[in-house]
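Using my numbering, the letters of the sequence shown correspond one by one to residues 36 to 178. To start, the structure itself, in C-alpha cells.
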Amino acid sequence: MTAAKIDEAIECYMKERKKSERKAAETRFLSYAYLCGTSDTAAFMQRTRSLICYYIDFLSVLENPMRGPQAAWLALMMLIGAFGCYLLADGKMSIGLFIIAGMLVNGISLGRAVIAKWIQTSITIALYQEIIELIDRTLPGEC
C-alpha cells in the first residue's frame with residue numbers, strides 16, 4: 036500500500052464526484068479501496084484518512100490565494116491605481132486615465148483568477164471532507 040495508490044483512490048473519487056452524485060462516487064471509492072487494500076482494508080482507509088487530513092491542512096494554509104504572489108500583485112495594482120488617481124487630480128488627465136484603465140483591466144483579471152483559485156480550493160477541501168466522512172462511516176470503531 037503506497038501513497039500513489041492512495042492518491043489514485045482519492046483522484047478516482049474526485050473525478051467521479053465531479054461527474055455524478057455522491058453515492059456513485061462513494062461506491063466507486065469503496066470498491067477501489069477494497070481492491071487496493073487487498074488484505075488490510077482498514078489500514079488502507081486509515082492511511083487514506085490521515086493523508087487527506089494532511090492535504091486539507093496543506094490546502095487551507097499554503098494554497099490560500101492571498102498568501103502567494105497574487106497578494107503582492109493585488110497590492111501593486113492598488114498602488115498603481117492610487118498613482119493614477121493622483122495624476123488625474125494633478126492635471127495630467129490623459130496619463131492618469133491610461134494608468135487607471137490599465138490598472139482596472141489587470142486588477143479585474145487578477146481578481147477573477149484569485150476568486151477562481153479560491154473556489155477550486157474550497158471545492159477540493161469539501162470533497163476531501165466527504166471522503167473523511169465516508170471513511171468514518173465505514174470504519175466507525177477504528178477512526
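All C-beta atoms in this analysis are idealised placements derived from N, C-alpha and C, irrespective of residue type, glycine included.
For residue i, which of helix, strand or coil comes out of DSSP?
i	result
Gly137	helix
Glu46	helix
Arg58	First, the amino acid is wrong: residue 58 is Lys here, not Arg. Of the three classes helix, strand and coil, the one that applies to Lys58 here is helix, per DSSP.
Leu174	coil
Thr37	coil
Lys53	helix
Asp75	coil
Glu98	coil
Lys152	helix
Gly126	coil
Leu169	helix
Assuming residue i and residue j form a contact by the criterion Cβ under 8 Å, report the distance between their Cβ atoms to the nearest whole angstrom.
i	j	result
Phe170	Thr83	According to the sequence displayed, residue 170 carries Ile and not Phe. That pair is a contact at about 6 Å.
Ile166	Tyr48	6 Å
Gly126	Met138	About 19 Å; that fails the 8 Å criterion.
Met112	Leu145	6 Å
Mark residue i as exposed unless 16 or more other C-beta atoms lie within 10 angstroms of its C-beta, in which case mark it buried.
i	result
Met128	exposed
Cys178	Residue placement at Cys178 is flagged as unreliable, the pLDDT there being 46, under the threshold of 50; a coordinate-derived value is accordingly withheld.
Ile45	buried
Phe79	buried
Arg147	exposed
Ala117	exposed
Arg172	exposed
Phe133	exposed
Tyr163	buried
Ile154	exposed
Ile41	buried
Thr37	exposed
With a threshold of 8 Å on Cβ separation, who are the neighbours of residue i within its own chain once the five nearest residues in sequence on each side are excluded?
i	result
Val149	Pro100, Met101, Gln105, Leu109
Ala59	Glu51
Using C-beta distances below 6 Å, list every residue in its chain close to residue i, excluding the 5 sequence neighbours before and after it, in chain order.
i	result
Tyr67	Ala44, Cys47
Thr130	Rather than Thr, the amino acid found at residue 130 in this sequence is Ile. Around Ile130: Leu122.
At which residues does the alpha helix (DSSP H) containing residue i begin and terminate?
i	result
Gly103	First-last for Gly103: undefined, no H or E at that position.
Once you ignore the five residues that flank residue i on each side, which residues in its own chain have a CB closer than 7 Å to its CB?
i	result
Thr159	Leu94
When you compare the CB of residue i with every CB in chain B, is at least one pair closer than 8 Å?
i	result
Ala38	Checking the listed chains, one finds no chain B in this structure; it contains a single protein chain.
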